[in-house]
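> Read top to bottom, the protein sequences are chains A and B. So the numbering used here is basically just the index in the first sequence, starting at one, shifted up by 21. So the numbering used here is basically just the index in the second sequence, starting at one, shifted up by 10. I have a structure here, written as structure tokens, and I will follow up with some questions on it.
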Amino acid sequence: RVRGPLKDEL
Amino acid sequence: MNLFRLFGDLSHLASILILLHKIQTTRSCRGISFKTQALYVTVFVARYLDLFYDWVSLYNFSMKVFFISSSIYILYLMKVRFRPTHDPSIDTFRAEYLVGPCVVLALIFNYKFTFPEVLWSFSIFLESVAILPQLFMLQRTGEAETITTHYLAALGAYRALYIPNWIYRYFSEGVVDPIAVIAGLVQTALYVDFFYVYFTKVLQGQKFELPA
């Protein structure tokens with residue numbers, strides 16, 4: 022699992 | 011992109027169009043919290059400035075441009091164009107009590123201690139509570155125009171739809187964003203009370219009125 026910001030979300 | 015997120019974003023888009031429609035047709039911003047709207051501008055500017063240096067997709071880019079520009083336009087409508095219809099005396103929630111703690115939280119909880127990342131975290135935390143001045147105003151006046159409740163319902167639906175989107179992405183892509191998820195759960199929880207009245211009254215054709 023990758024933890025981190027989902028920068029493709031708005 | 012999954013359907014939850016797509017419909018969430020469309021719901022967000024719809025909420026802003028409903029709000030613009032309400033202000034334009036009634037030529038009034040009565041019942042709308044200026045503080046909440048100003049907080050949304052802060053949220054969008056803080057989070058979406060990456061549109062100048064990070065390309066994701068045309069969809070992502072256009073949405074960001076729309077959210078920043080429409081939120082600023084709404085402030086203009088409230089502060090300039092329909093200024094006399096805005097009554098600051100009922101918009102009394104202290105917004106600084108929201109901004110301050112969000113700055114502190116962002117400094118503690120972020121994915122990297124860099125300016126853009128702290129700013130990103132800050133925008134996530136601030137978005138989760140930005141609706142409070144609006145809900146507080148609703149609570150204070152005890153009633154709302156039906157169109158205003160549709161605006162809030164669309165905004166709440168957008169947040170609610172992001173939750174199944176995260177669950178879906180966790181299983182299908184193996185990615186998880188704990189900061190966004192926790193802030194998102196808090197944000198959605200804030201709407202529970204509102205949704206209860208919205209479903210039991212407004213959607214049954216009654217006026218949005220809170221029990222005295």
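Idealized CB from N, CA, C, for every residue including glycine.
Express the C-alpha separation of B/Leu87 and B/Thr46 in angstroms, rounding to a whole number.
Counting from 1 along the second sequence, the entry for residue 46 of chain B is found at position 36. Counting from 1 along the second sequence, the entry for residue 87 of chain B is found at position 77. Cα to Cα, B/Thr46 sits roughly 14 Å from B/Leu87.
> Whose C-alpha, out of B/Ser25, B/Met11, B/Phe14, is nearest the C-alpha of B/Ile157?
For this step, residue 157 of chain B is matched to residue 147 along the second sequence. Considering only alpha carbons, the answer is B/Ser25.
> Under a CB-based cut-off of 8 Å, is B/Asn70 close to chain A?
Taking the second sequence and counting its residues from 1, one reaches residue 70 of chain B at position 60. Answer yes: the Cβ-Cβ gap between B/Asn70 and chain A drops below 8 Å somewhere.
> Tell me, to the nearest whole angstrom, how far the beta carbon of B/Gly41 is from that of B/Glu219; I am working on the premise that it is less than 8 Å.
Counting from one through the second sequence, the residue named residue 41 of chain B turns up at place 31. Counting from one through the second sequence, the residue named residue 219 of chain B turns up at place 209. That pair is no contact at about 13 Å.
> Roughly how many whole angstroms lie between the Cα atoms of B/Ala193 and B/Pro94?
Residue mapping note: residue 193 of chain B aligns to position 183 of the second sequence, counting from 1. Residue mapping note: residue 94 of chain B aligns to position 84 of the second sequence, counting from 1. Each residue's Cα considered, the two are about 35 Å apart.
> For the 8 Å Cβ check, are there 3 or more pairs between the segment 48–55 of chain B and the segment 133–146 of chain B?
In short, these stretches touch, since the Cβ pair count reaches three.
> Determine the burial state of B/Trp65: buried for a count of at least 16 other Cβ atoms within 10 Å of its Cβ, exposed for fewer.
Residue mapping note: residue 65 of chain B aligns to position 55 of the second sequence, counting from 1. Flag for B/Trp65 reads exposed.
> Under 8 Å, with one C-beta from each stretch per pair, do the segment 140–155 of chain B and the segment 196–203 of chain B reach the 3-pair mark?
Yes, they touch.
> What did DSSP end up calling B/Ala6 once you bin it into helix, strand or coil?
Nothing can be reported for residue 6 of chain B: it is not among the residues displayed for chain B, which extend from 11 to 222.
> Could you tell me the alpha carbon to alpha carbon distance between B/Ile118 and B/Pro188, rounded to whole angstroms?
Against the second sequence, residue 118 of chain B aligns to sequence position 108. Against the second sequence, residue 188 of chain B aligns to sequence position 178. So the two alpha carbons sit approximately 14 Å from each other.
> Quick check on B/Met73 - is its C-beta less than 8 Å from some C-beta in chain A?
Your numbering for residue 73 of chain B matches position 63 in the second sequence. Taking Cβ atoms only, chain A reaches closer than 8 Å to B/Met73, which makes this a yes.
> Indicate whether at least one CB of chain A lies closer than 8 Å to the CB of B/Tyr121.
Reading the second sequence from its first residue, position 111 is the one you call residue 121 of chain B. B/Tyr121 counts as touching chain A.
> Can you tell me where the alpha helix (DSSP H) holding B/Val51 begins and where it ends?
Stepping through the second sequence from its first residue, residue 51 of chain B is reached at position 41. Where B/Val51 is concerned, the enclosing alpha helix (DSSP H) stretches over 44–58.
> Assuming B/Ser81 and B/Tyr121 make a contact with CB atoms under 8 Å, what is their CB distance in whole Å?
Along the second sequence, read from residue 1 onward, the residue named residue 81 of chain B stands at position 71. Along the second sequence, read from residue 1 onward, the residue named residue 121 of chain B stands at position 111. At roughly 25 Å, the Cβ-Cβ gap does not stay under 8 Å, so B/Ser81 and B/Tyr121 are not in contact.
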